[in-house]
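Here is the structure we will look at.
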Amino acid sequence: MTKNILQDVLTRERRSIRRVPLPHKERGAEEADEDILYEREELHLEESSSMSWQRIALWGIASVFLILLGVALLTSFSGATVSVTPKTRLISVNYEFTAGKDEGAKLRFVPLPVSETAEIKIPADTAKKVSEKATGTIIIYNNFSDKPQRLIKNTRFETREGLIYRIGSSITVPGRIQKSGQAVPGSLEVTVTADSPGVEYNIPPTDFTVPGFKTDPARFAGFYARSKTKMSGGFDGVIKVPSDSALLSARASLRETVGKNIIAKKQSAVPQGYVLFSGAVATKNESLPPEPVDGNMSLIKERTIGVALLFKEADIGREVAKLAIPNFNNLLIEIPALKRLQLELKEPQNGDVTQAQTIRFTLKGEVLVVWRYDEYKLREALLGKPRDGIATVLSDFPEIERADFVIRPVWSRKFPENPKKISFEEIPVGVEK
39 MTKNILQDVL TRERRSIRRV PLPHKERGAE EADEDILYER EELHLEESSS
89 MSWQRIALWG IASVFLILLG VALLTSFSGA TVSVTPKTRL ISVNYEFTAG
139 KDEGAKLRFV PLPVSETAEI KIPADTAKKV SEKATGTIII YNNFSDKPQR
189 LIKNTRFETR EGLIYRIGSS ITVPGRIQKS GQAVPGSLEV TVTADSPGVE
239 YNIPPTDFTV PGFKTDPARF AGFYARSKTK MSGGFDGVIK VPSDSALLSA
289 RASLRETVGK NIIAKKQSAV PQGYVLFSGA VATKNESLPP EPVDGNMSLI
339 KERTIGVALL FKEADIGREV AKLAIPNFNN LLIEIPALKR LQLELKEPQN
389 GDVTQAQTIR FTLKGEVLVV WRYDEYKLRE ALLGKPRDGI ATVLSDFPEI
439 ERADFVIRPV WSRKFPENPK KISFEEIPVG VEK
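Residue numbers (the working numbering): 39 to 471.
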């Protein structure tokens, strides 16, 4: 049968545009999906609005927190730092001073006993008739009275065996003192020399009495002495000794060594706040007799004894400033390089600085004076003052040359009200001590 092509085409076309009704259940599902979609869109809009307000609130809280944190940090780091340049002046010193040993003296010196011995062995190649007296150091005690006791030159000190030794010059033994409720004898260290030459006076440390006080039992019992060193150097006979030139050279070298040792030891022992000037050490040298040792060798000894004179830095600095600076007005000052001044002692009336109650001396040299300011008063004067008011404040502090400051935060127009917020730093003057 012949196929009708047109019919086939039409039939397919009709099939392609035919409306096939959907089942009722399927249509209901589609409508439900559309309703759910609309509901979700409405819910999304509501959630977006709520989250937006939450974000605004959180940002607001965070902003307030950051502001408060910033204020707290600025407050904690607020304050003022003041850099102070003190007033200074280079002065030339060439003045004479008088100082006393007593505590009530206007300018007081403190004596420190010094004693140093140096020795060396040198060849003994020259036979010589030698007559030498033994010598040694003793400590004399005054347990008799609280008043000083003067002992004249050649006062005798006697051992239990009856050997006599004498002091070479007049001395004054300090009086007894009270310490922690107990009596402490006054004492003085001195050198004594045997009454006669001979090896029998070379003795080990021992005790001594003062035979001159035997007629006064209380004084005799209260004054006594004990050896600090052995007695040595006594000899009477022919002995090999160094040549005169070798002996002189050895003694000169020993004296130089002793002098350096004394200065070094005393400088290291100077208490805080005191000064020991160059030239403030009064000493005398003792050439001890050569002692035979090791066959053809001789032991040469040089002993230096005396006193180092200390001064309070504040006291001597004030007296120097009074003379060197017009209109000084007793302001508080410091002389960092004070000990660079050279001290020259004047001969005391009794000729013995170690026993002097008053001394005269000259100080010479150039030093820088640095004025000191009262930090507490300056801080109190700056509290709450405006930035441009510092010049008025400094007019009451002549000790200050200038002052620079930094106030934090930078926009603050006045110094803090809290004294703990103001700190100071001093501009160094660059002077070695």
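Glycine included, every Cβ here is placed at the ideal spot set by N, Cα and C.
Proximity of residue i and residue j at Cβ, strictly below 8 Å
i: ARG417; j: ARG451; result: no
i: VAL230; j: THR295; result: no
i: LEU381; j: GLY333; result: no
i: ARG293; j: ILE177; result: no
i: PRO243; j: LYS268; result: yes
i: VAL467; j: LEU370; result: no
i: THR378; j: THR136; result: According to the sequence displayed, residue 378 carries Arg and not Thr. Contact flag unset, no.
i: LEU383; j: ALA307; result: no
i: LYS167; j: SER336; result: no
i: LEU189; j: ILE241; result: no
i: LYS304; j: ALA346; result: yes
i: LYS266; j: GLU329; result: no
i: ILE205; j: THR193; result: yes
i: GLY427; j: THR392; result: no
i: VAL313; j: LEU376; result: yes
i: GLU154; j: PRO327; result: no
Run of the alpha helix (DSSP H) containing residue i, from where it starts to where it stops
i: LEU300; result: Looking at the sequence provided, one finds Ile at residue 300 rather than Leu. It spans 282-306 - the alpha helix (DSSP H) in which ILE300 sits, taken as one unbroken run.
i: GLU351; result: 351-362
i: LYS415; result: 413-420
i: ILE428; result: 428-432
i: VAL255; result: For the sequence presented, residue 255 should be read as Pro rather than Val. That run of the alpha helix (DSSP H) goes 255-260.
Residue i versus residue j: straight-line alpha-carbon distance, rounded
i: LYS350; j: LEU150; result: 14 Å
i: PRO309; j: ILE354; result: 15 Å
i: PRO161; j: SER270; result: 19 Å
i: GLY116; j: LEU420; result: Residue 116 is actually Ser in this sequence, not Gly. Between SER116 and LEU420, the C-alpha separation is close to 15 Å.
i: ALA67; j: ILE94; result: Note that ALA67 scores 49 on pLDDT, short of 50, meaning its location in the model is unreliable and no value can be drawn from it.
i: LEU75; j: TRP91; result: With a pLDDT of 47 at LEU75, under the threshold of 50, the modelled position of this residue cannot be trusted; read the value that follows with caution. Computed Cα separation, rounded: 25 Å.
i: GLY422; j: GLU455; result: 5 Å
i: ASP163; j: PRO280; result: 6 Å
i: PHE453; j: GLY142; result: 45 Å
i: LEU361; j: ARG146; result: 17 Å
i: ALA359; j: LYS139; result: 22 Å
i: ILE301; j: PRO255; result: 43 Å
i: PRO212; j: VAL131; result: 35 Å
i: THR247; j: PHE258; result: 7 Å
i: GLY224; j: ILE129; result: 42 Å
i: PHE366; j: GLU357; result: 10 Å
i: THR472; j: ALA441; result: The structure shown does not extend to residue 472, since the chain is modelled only from 39 to 471, so the question has no answer here.
i: TYR133; j: PHE315; result: 15 Å
i: SER101; j: PRO447; result: 21 Å
i: ASN299; j: VAL152; result: 10 Å
i: PRO457; j: LEU432; result: 17 Å
i: ALA221; j: ILE363; result: 47 Å
i: LEU96; j: LYS415; result: 50 Å
i: LYS144; j: ILE215; result: 24 Å
i: GLU385; j: ASP245; result: 35 Å
i: THR210; j: VAL331; result: 37 Å
i: PHE195; j: SER325; result: 21 Å
N-terminal and C-terminal residue of the beta strand (DSSP E) that residue i is part of
i: PRO149; result: 147-161
i: LYS458; result: Here LYS458 belongs to no beta strand (DSSP E), and DSSP marks it neither H nor E.
i: ARG446; result: 438-446
i: ASN180; result: 164-180
i: GLU240; result: As written in the sequence, residue 240 is Asn, which differs from the Glu given in the question. Segment: none, ASN240 is in no beta strand (DSSP E) and carries neither H nor E.
i: LEU406; result: 396-409
i: ASN367; result: Here ASN367 belongs to no beta strand (DSSP E), and DSSP marks it neither H nor E.
i: THR119; result: 117-124
i: ASP332; result: It is not in any beta strand (DSSP E) - ASP332 carries neither H nor E in the DSSP assignment.
i: LYS278; result: 273-279
i: LEU465; result: The sequence given here places Ile at residue 465; Leu does not occur at that position. ILE465 -> no beta strand (DSSP E), and no H or E assigned at all.
i: LEU201; result: No beta strand (DSSP E) contains LEU201, which DSSP labels as neither H nor E.
Whole-Å CB distance - residue i paired with residue j, under 8 Å assumed
i: ALA232; j: TYR203; result: 6 Å
i: LEU401; j: VAL148; result: LEU401 to VAL148, Cβ: 17 Å. No contact.
i: ASN180; j: GLN187; result: 5 Å
i: SER208; j: LYS185; result: Incorrect: roughly 16 Å between the Cβ atoms, too far for contact.
(message) For the pair the stretch 284-294 and the stretch 327-345, tell me if three or more CB-CB distances fall below 8 Å.
(response) Counting Cβ pairs under 8 Å, three or more are found: they touch.
(message) Check whether the stretch 405-413 and the stretch 427-447 are in contact - that is, three or more C-beta pairs closer than 8 Å.
(response) The stretch 405-413 makes contact with the stretch 427-447, as at least three CB pairs between them are under 8 Å.
(message) With three or more C-beta pairs closer than 8 Å as the rule, is the stretch 256-275 touching the stretch 229-247?
(response) Because the criterion of three Cβ pairs below 8 Å is met, the stretch 229-247 and the stretch 256-275 touch.
(request) Indicate whether the contact test is met: 3 or more Cβ pairs, each with one atom in the stretch 119-138 and one in the stretch 453-468, closer than 8 Å. (result) Taking a contact to require three or more Cβ pairs closer than 8 Å, the stretch 119-138 and the stretch 453-468 qualify as touching.
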